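What follows is a short report on a single structure.
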Amino acid sequence: MNDLLEVDGIETVFRTERGEVTSVDGVSFRLKAGETLGIVGESGCGKSVTSLSIMRLLGKTGSIRKGEIRLNGRNITGLAESAMRQIRGSEVSMIFQDPMTSLNPVFTIGSQLVESIMLHLNVKGKAARNHAVDMLRKVGISRPEEIMDEYPHKLSGGMRQRVMIAIALSCEPKLLIADEPTTALDVTIQAQILDLMKKLREETGTAIMLITHDLGVVAEMADRVIVMYAGQVVEEADVFTLFDKPLHPYTTGLMGSIPHLDGDDEETLASIPGTVPPLQNMPSGCRFHTRCPLATEKCSAEAPPLLELAEGHRVRCWVAQGDSEAASPIPVSSAKGVTT
Amino acid sequence: MIEFEEMPMAAVRPDTADTLLRLDGLTTYYPIRKGLLGRVKGHVKAVDGVSLDIREGETLGLVGESGCGKSTIGRTILRLEQSTGGQITYRGEDITRYSISKMRPLRTEMQMIFQDPFSSLNPWMRVRDILKEPMLAHGKATAATAEAEVDRLLDAVGIPRSYKDRYAHEFSGGQRQRIGIARALSLNPKFIVCDEPVSALDVSIQAQVLNLLKQLQKDLGLTYLFIAHGLGAVKYISTRIAVMYLGKVVEIGTKEDIFRNPKHPYTKVLLNAYPVPNPHLRGREKIVVQGDVPSPANPPSGCRFHTRCPFAQELCRQEEPPLAAASDGHAAACHFTF
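As you go down the protein sequences, you meet chains P and A in turn.
FYI, in our numbering the residues of the first sequence are 1 to 340.
FYI, in our numbering the residues of the second sequence are 1 to 338.
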């Protein structure tokens, strides 16, 4: 059986005034139906561009230069824009970080919901409206009939994100891409939205690609996690392995950077020194070596491949790979782009 | 000028010798104006009767969700907003109604670090000038001595001296926040209001800046009011913590009190709702409160949290609970806690 989503060595580039910039560099992963995949990393690591590449929302300057994206076994990388429009919203939909700006302020909640329902589900008039009201009820909005006629500015941030989720799920997509869905929300509202996403996931079996910088949210939601750094996947594992036994120094560094609520007080946090290198000026060798406490000479000279060190646990690090050489690592294809 | 009725003072607290700053029943209301004549139709009660002490050398963490008034408290202390009632006492002096000129010398002692390192630095100025300006304006340095001071400040916050001719846009977010910290330090302050200083930064950079703030406090004997919504950062840096909800302090205590032994249901909810970076704990019992924070223009009667509190009783709807302290200073405003 095919995976729901297969991303194979995609490379996404943007044209800028100062030349071309590669913001996603050879990213590959799989997503099964019903699975939740977390993509973690800091700003500029390419996690959002990866998701926008899948939706092909790259604007005029961006394009996928290499690699392949398959949805249900069908290659969608070269699809025409009109065909992509059929996929967006019906097969794959997306919710964004900022619920304040992703709703149109001059249309009512109802008309924005009904629009996407009529466009994709081939229902009209009263039936579409009823479906919209049902969706609002499903995402936990009380008084859905009244909210249908409200404008977005009347709603709080949490309510707007619920509406966004209602719109995204109204056409029963197979895949929901959630790009920092709770980052703009308060803690208690974040808990409500995560709760809602879990409930809807159980009911609909939608696969979720959850993009976030918050390791807490990932630990709460994801089945599998990809850690990205400077446009590349540096580690991939199931959520328990990743938190129990992280192998990449960047992952370990990220985990050491979060102050823990339970347990003893930390005197100093294990921060990662330096900053993320700019895309135009990537260091040679391993992209993390300039900030890595374990870096050796090899790391600054040669770029490490992404190797599977244990089942389902892939790591891009010379040091980690050296540690478990006895485990005879299986090289993962597609690290350099796919030629099928 | 609208006069507000005097807030009842909280139980008289002894001024301990090390109290640097003291708030008594502080209120900051913003008028809501409506109609052609702009008549005042009500007030947004951003800060509504807050009493607390900040002791010399400590970090008081102030947590709460957006709109709870935590930033307004910080801004009101520094007189960036005018209080509408209550009292602000700094080193035993009532500074609540100080004029601008009388406030001026105090400004060297009280500084602020802002949330957004992208908008709080002037894009037209070089780093060197950003740091020099406050020193020259307050006569803390002369044109001749300022240069050496700039170097000292850059060293303190870990920015290479060679960068001082650069403009703010040439720096990353974390570096900009370091420059913001250097600017706040340029006048040798005693007290710094840190208003969400790390929430705009990446995780790995947050840790760097938190470590820096902690180190500087140790080296320079600074006192911080650390305002944040992220509990992790607050726990890491604070000595004591005050939890706010809708303009009021609902619980205050030491870091251990708040994290190990929270008393107020809202504090419990906040701690519980915080996503823990440990997948083994994802099945834990959760209290998810329903609904949104009510509007501070029209706060609920009685206990302000009663509309969302899982334990609310009839009494909570009618009577506002006082912030009652136990003997150890751990205080919570809840009818059913103590």
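Just so you know, even glycine gets a beta-carbon here, dropped at the ideal spot from N, CA and C.
Just so it is clear, the structure is predicted and the values come from calculations on it, not from any experiment.
Can you list, in chain order, the residues of the segment 270-283 of chain A whose Cβ is nearer than 9 Å to any Cβ on chain P?
When C-beta distances to chain P are compared with 9 Å, the residues of the segment 270-283 of chain A below that value are Leu270, Leu271, Asn272, Ala273, Tyr274, Pro275, Val276, Pro277, Asn278, Pro279, His280, Leu281 and Arg282, in chain order.
Would you mind sorting leucine 352 (chain A) into buried or exposed? The rule is 16 or more other CB atoms within 10 Å of its CB.
For chain A, the structure presents residues 1 to 338; residue 352 (chain A) sits outside this window and is missing.
Are the C-beta of phenylalanine 259 (chain A) and some C-beta of chain P separated by less than 8 Å?
yes
Apply the 10 Å Cβ neighbour rule to arginine 308 (chain A) and answer buried if 16 or more other Cβ atoms are within range, or exposed otherwise.
buried
Apart from the five residues on each side of it in sequence, which residues of its chain come closer than 8 Å, Cβ to Cβ, to serine 51 (chain P)?
Ile39, Met94, Ile177, Asp179, Met209 and Ile211
Who does glutamate 30 (chain A) pair with in a DSSP beta bridge?
It should be pointed out that residue 30 (chain A) corresponds to tyrosine in this sequence rather than to glutamate. A:Val44, per the DSSP bridge assignment.
Length of the line joining the Cα atoms of threonine 267 (chain A) and isoleucine 227 (chain A)
16 Å
Can you check whether the C-beta of glutamine 217 (chain A) is within less than 8 Å of a C-beta belonging to chain P?
No - not a single Cβ of chain P is within 8 Å of the one on glutamine 217 (chain A).
Using the beta-carbon count (16 or more within 10 Å), is aspartate 18 (chain A) buried or exposed?
exposed
Quick one: list the residues of chain A neighbouring aspartate 214 (chain P), beta-carbon separation under 7 Å, in chain order.
Pro275
How many Å lie between arginine 316 (chain P) and arginine 18 (chain P) at the Cα?
29 Å
List the whole-angstrom C-beta distance separating threonine 89 (chain A) from arginine 152 (chain A), where the pair is believed to meet the contact cut-off of C-beta under 8 Å.
About 32 Å; that fails the 8 Å criterion.
Going by alpha carbons, who is nearest to leucine 57 (chain P) out of P:Ile87, P:Ile226 and P:Gly44?
P:Ile87
In the segment 65-76 of chain A, which residues sit with their C-beta less than 8 Å from some C-beta in chain P, listed in chain order?
In summary, the residues of the segment 65-76 of chain A whose CB is separated from some CB of chain P by less than 8 Å are Glu65 and Ser66, in the order they occur in the chain.
To the nearest angstrom, how far is the alpha carbon of valine 243 (chain A) from that of histidine 330 (chain A)?
12 Å
Could you tell me which chain P residues have their CB closer than 7 Å to the CB of valine 352 (chain A), listed as they occur along the chain?
Since the first and last residues shown for chain A are 1 and 338, residue 352 (chain A) lies out of range.
Chain P beta carbons: is any one of them nearer than 8 Å to that of histidine 229 (chain A)?
With its beta carbon less than 8 Å from one in chain P, histidine 229 (chain A) belongs to the interface.
By Cβ distance below 7 Å, which residues in the same chain neighbour phenylalanine 107 (chain P) in space, the five residues on each side in sequence not counted?
none
Please list the terminal residues of the continuous alpha helix (DSSP H) segment that includes histidine 131 (chain P).
125-138
From this set, A:Arg176, A:Asn278 and A:Pro310, which residue's C-alpha is nearest glutamine 115 (chain A)'s C-alpha?
A:Arg176
Would you list the residues sitting across from histidine 313 (chain P) in a DSSP beta bridge?
P:Ala310
Beta carbon proximity, phenylalanine 243 (chain P) to chain A, threshold 8 Å:
yes
Taking only beta-carbon atoms, is tyrosine 236 (chain A) less than 8 Å away from chain P?
yes
In the segment 23-48 of chain P, which residue ranges form an unbroken beta strand (DSSP E) of at least 3 residues, counting only runs that do not cross its ends?
Those beta strand (DSSP E) runs which fall completely within the segment 23-48 of chain P and span 3+ residues are 36-40.
CB of proline 144 (chain P) within 8 Å of CB of glutamine 161 (chain P), strictly:
No. Outside cutoff.
Is isoleucine 117 (chain P) closer than 8 Å to proline 152 (chain P) when the C-beta atoms are compared?
no
Leucine 52 (chain A) versus valine 193 (chain A) - alpha carbon distance:
The straight-line gap from Cα to Cα measures roughly 15 Å.
Examine chain P for any beta-carbon lying closer than 8 Å to the beta-carbon of alanine 233 (chain A), and answer yes or no.
yes
Measuring only the C-alpha atoms, how far is phenylalanine 336 (chain A) from alanine 273 (chain A)?
21 Å
Which residues mark the beginning and the end of the alpha helix (DSSP H) in which leucine 185 (chain A) is found?
173-185
Boundaries of the beta strand (DSSP E) in which glycine 57 (chain A) is found, first to last residue
First-last for glycine 57 (chain A): undefined, no H or E at that position.
Counting beta carbon pairs with one atom in the segment 240-258 of chain P and one in the segment 212-221 of chain P, are three or more of them shorter than 8 Å?
yes
Let me confirm a value: proline 277 (chain A) is counted as buried when at least 16 other C-beta atoms fall within 10 Å, else exposed. Which label applies?
The Cβ neighbour count for proline 277 (chain A), taken over all protein chains shown within 10 Å, is at least 16; the residue is labelled buried.
In or out: leucine 80 (chain A) buried (at least 16 other Cβ within 10 Å) or exposed?
By the Cβ neighbour-count rule, leucine 80 (chain A) is exposed, with fewer than 16 other Cβ atoms within 10 Å of its own.
Give the range of the alpha helix (DSSP H) segment to which glycine 256 (chain P) is assigned.
249-257 is the span of the alpha helix (DSSP H), which, as asked, contains glycine 256 (chain P).
Which whole-angstrom value describes the C-beta separation of leucine 62 (chain A) and leucine 225 (chain A), a residue pair presumed to lie in contact below a C-beta threshold of 8 Å?
6 Å
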